[in-house]
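Protein chains in written order, with the numbering used here: chain X, 37 to 521; chain Z, 37 to 521. Report on one structure; see the data block that follows.
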């Protein structure tokens, strides 16, 4: 068993020695992705896609509970449509893929593969929004988008990625701002409750806004290596797109008005965030809410009479209760199986062998801390299921606590750029909390001097000092700074 | 009320006078689609997308129950990859969209937007299939694909459409053939049980096979106007793709072998099939299994005390039981609402007003035949729910029976091309059952002379005569012929 274990573990780099290699190793060894002949694009393999399906199911429920409906726009955007909103086209045109031929014929107008769909939604709104009675429209779509990135990494940055994009249109600015905030909160709640991942909620600085937005809100998470990852964004557009696309409605006073819009999205990047937040040197560690397999049952001495039957009985009880459970009765050794399902991040492993059967119990091992607990099998099904669910909750809570510890331990309050440099050198990468005067020049200079850029202006402000960490002039805001994925 | 009704009904063409216009009218008036600035592509609006989500949910469950896993391949295929299988590229290259630019740079190799993904799956199998232990792989993906069609119609033929594509790879030819048949049966069962749509199962002739397939199986449905619609296909590939992509595995005797493959798919075309199978001059009629709203509750004299409360109570009871129910208490007239939800094809309408409340009942109207039934509300919730469910079943059964009647009434047995011409002239378009010698020449000639092409060679064969309907030589197979969408 020790040998088997070693072989599996040898297969991945140590996260402390080479985090980037560790990440790539997990992506491949846990069978999450596979490279393809299409540069910058990957296959999302069944195990990773099942994680994405769980993410989709939970988020989609949250979207519907907040009144949103799913739609589907075309994947192509004619060049003239993309160009209608000036800031938007400037932001996206340099990184889109262009379709120039259909069959054997050159197209009259080239089409880009959507990098995002604001322009398509606006084109549609112009057709269907005429009166205040038509508002709001609260739409979402689950699709893939394309951005022609030069360097790519699985889940974090790829030329095609899966996401959802919410697009809403409202009578008033206040309603649209409220929606922008509501959806950022939905994302933050989802990260906490489903991904066991704490995030910082805040606003992007002017230089970091989405192309065409009045303001961009974001949730920022801190990875195990101390780098920040933008995990979701929510944009308030004002009426800029409405004016560019001539979307108008008759209001309650019979006056023509421009409506106000929002958009918001999260992507398969969340899978990368889960890997880098919870994984360890034994592999992936998955939060139970999104784990394709929540409980794996490994029979011990399975050739002995009754062992497989006893294991199958536990599987059936858990399955009937809606737990995602797998019984591995293959002829691999228990040690191989232990290592395999640790690599795959299965939250709870149940072991059952002849000795356990004698004492009418089984062993439950929680993935994140390898803690062993005996669970009685000499009880009503419901009692057994609850004991297993309690173990799943323990994994969720343990993962969240560890991630929060990491975030708190790696958040440094600094009042000068020298302090920032020192904090990062002494403690490693992390979030830096520091005051800012609001000038882009200082934002750039902090990055130049210290290597950390502004991540967001958090909603929860704190007065660390009265002056800008860079220029010493009066500070306007406390900012989270960090190196970003 | 009569006037309201008339206004709504006037909005769509009569299906008997202009079926094509009737179809387009339904697509727009029932808010299923909207046209876009992207030629040949449409917006799938929330109501139609919700139908698609129901189709997805049910089919995805059937795929998982038969052991399949979802994955996601890139949307692009490099030209060299598309060209690896000769028949396949010949079939698809003329109708693909080509990406030739990424950002501002010309690509070294152009990429097509997937028209189908056999080549990508093969590229992936070559990486991950090495031993018989790696087989079978039973994969599926839910994505959109692009085919550069010249003339397009909502759902039936568009440049981009949504679909699922199953792709499997097996040790033996027998296993792959079995899979091909299994999935055709899954489609046929789904059409019967979820869409209330009878289909003919059979094999395509050589000239109608999928590009690269050894054999193509299909389900063919008959629309209200007597035209056939191919509703799903399942292909057996033999080892042709494996050889072209050099996919090999070590078998149980330690010998290198080529594996055998299949693929199978259904598309948003199914929504078009539902419209043209069940719709009538009052609009759409949806089978309960895929209807976004299964029951609409319309209060009558809703300003009277207690009416809205009584309606809301029924809604809550049905909702708690898992019925997809909507209460429309807007200030539109009941007549307007009746017409609106008939247009949208809601299977059951419940009316409740002061009189009904007095007699402790409500009225349930089934969409397909406008039959009115009184349902007691003076009973346990469960009894009420079961009575409503019984009405939903009545709609499903009624829709299926009508569709089967149409198919049977419009299926003509013919023994000569003259008989075919006469049958179609006298009875209108439909399926023609006639014998065939197996020669492509005769297949083409039948189409030329009569206007109907071969739809499929049904699995349920019947000996209509001994000789080919065209050349008079000995017949090999009975064939379904028809005009196709």
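Even glycine gets a Cβ: it sits at the ideal position worked out from N, Cα and C.
- Per the C-alpha coordinates, the member of Z:69, Z:336 and Z:226 positioned closest to residue 371 of chain Z is Z:336.
- Contact of residue 140 of chain Z with chain X by beta-carbon distance below 9 angstroms involves 129 and 130.
- Of the candidates X:140, X:129 and X:452, the residue whose Cα lies closest to the Cα of residue 134 of chain Z is X:140.
- Within chain Z, the residues whose beta carbon sits less than 8 angstroms from that of residue 196 of chain X are 110, 111 and 112, listed in sequence order.
- In this structure the region 156 to 172 of chain Z does not lie against the region 124 to 134 of chain Z, because fewer than three pairs of beta carbons, one per stretch, are closer than 8 angstroms.
- Cβ-Cβ separation between residue 111 of chain X and residue 418 of chain Z: approximately 46 angstroms, too far for a contact (criterion under 8 angstroms).
- The Cβ neighbour count for residue 339 of chain Z, taken over all protein chains shown within 10 Å, is under 16; the residue is labelled exposed.
- Taking residue 284 of chain X as the centre and dropping the five residues before and after it, the same chain places the C-beta of 292, 293 and 294 closer than 7 angstroms to its C-beta, in chain order.
- Chain Z has no Cβ within less than 7 angstroms of the Cβ of residue 504 of chain X.
- The C-alpha of residue 177 of chain X lies about 22 angstroms from the C-alpha of residue 115 of chain X.
- Burial state of residue 180 of chain X is buried, judged by a 10 Å Cβ sphere holding 16 or more other Cβ atoms.
- Across the structure, residue 125 of chain X and residue 156 of chain X are spaced so that their CA atoms are roughly 13 angstroms apart.
- In chain order, 106, 107 and 108 make up the part of chain X whose C-beta sits under 7 angstroms from the C-beta of residue 85 of chain Z.
- One Cα belongs to residue 485 of chain X, the other to residue 92 of chain Z, and the distance between them is close to 53 angstroms.
- As the crow flies, the alpha-carbon of residue 67 of chain Z is around 19 angstroms from that of residue 360 of chain Z.
- For residue 74 of chain Z, the nearest beta carbon of chain X is closer than 7 angstroms to its own beta carbon.
- Relative to the Cα of residue 495 of chain X, the nearest Cα in the group X:404, X:460, X:255 and X:353 belongs to X:255.
- Within the same chain, and ignoring the five residues on either side of residue 76 of chain Z in sequence, the residues whose Cβ sits closer than 7 angstroms to its Cβ are 185, 188, 194 and 195.
- Under the criterion of beta carbons closer than 8 angstroms, residue 205 of chain X and residue 245 of chain X do not qualify as touching, at roughly 19 angstroms.
- Where residue 335 of chain Z is concerned, the enclosing beta strand (DSSP E) starts and stops at 331 to 335.
- Residue-level contact check: residue 302 of chain Z does not touch chain X, since none of the beta carbons of chain X fall below 7 angstroms from its beta carbon.
- If you draw a straight line from the Cα of residue 64 of chain X to the Cα of residue 80 of chain X, it comes to about 11 angstroms.
- Between residue 413 of chain Z and residue 394 of chain Z, the alpha-carbon positions lie close to 11 angstroms from each other.
- For residue 175 of chain Z, the enclosing beta strand (DSSP E) stretches over residues 173 to 182.
- For the set X:282, X:219, X:138 and X:182, the Cα lying nearest the Cα of residue 183 of chain Z is the one of X:138.
- For residue 234 of chain X, there are no C-beta contacts with chain Z under 8 angstroms, since the nearest C-beta of that chain is about 28 angstroms from it.
- DSSP places residue 494 of chain X within a strand segment (E or B) once states are collapsed to three.
- In the DSSP assignment, residue 270 of chain Z falls within the beta strand (DSSP E) that extends over 264 to 274.
- In the structure shown, residue 57 of chain Z falls within a helical segment according to DSSP collapsed to helix, strand and coil.
- Linking residue 515 of chain X to residue 120 of chain Z through their CA atoms gives a straight-line distance of about 54 angstroms.
- Here residue 488 of chain X carries a coil assignment [DSSP, helix/strand/coil].
- For residue 190 of chain Z, the closest of Z:308, Z:341 and Z:439 by C-alpha to C-alpha distance is Z:308.
- Chain order gives the chain Z residues near residue 89 of chain X as 106, where near means a beta carbon separation below 7 angstroms.
- Going by DSSP, residue 312 of chain Z is part of the alpha helix (DSSP H) stretching over 305 to 314.
- As the crow flies, the alpha-carbon of residue 399 of chain Z is around 10 angstroms from that of residue 424 of chain Z.
- Under the three-state reduction of DSSP, residue 404 of chain Z is assigned to coil, being neither helix nor strand.
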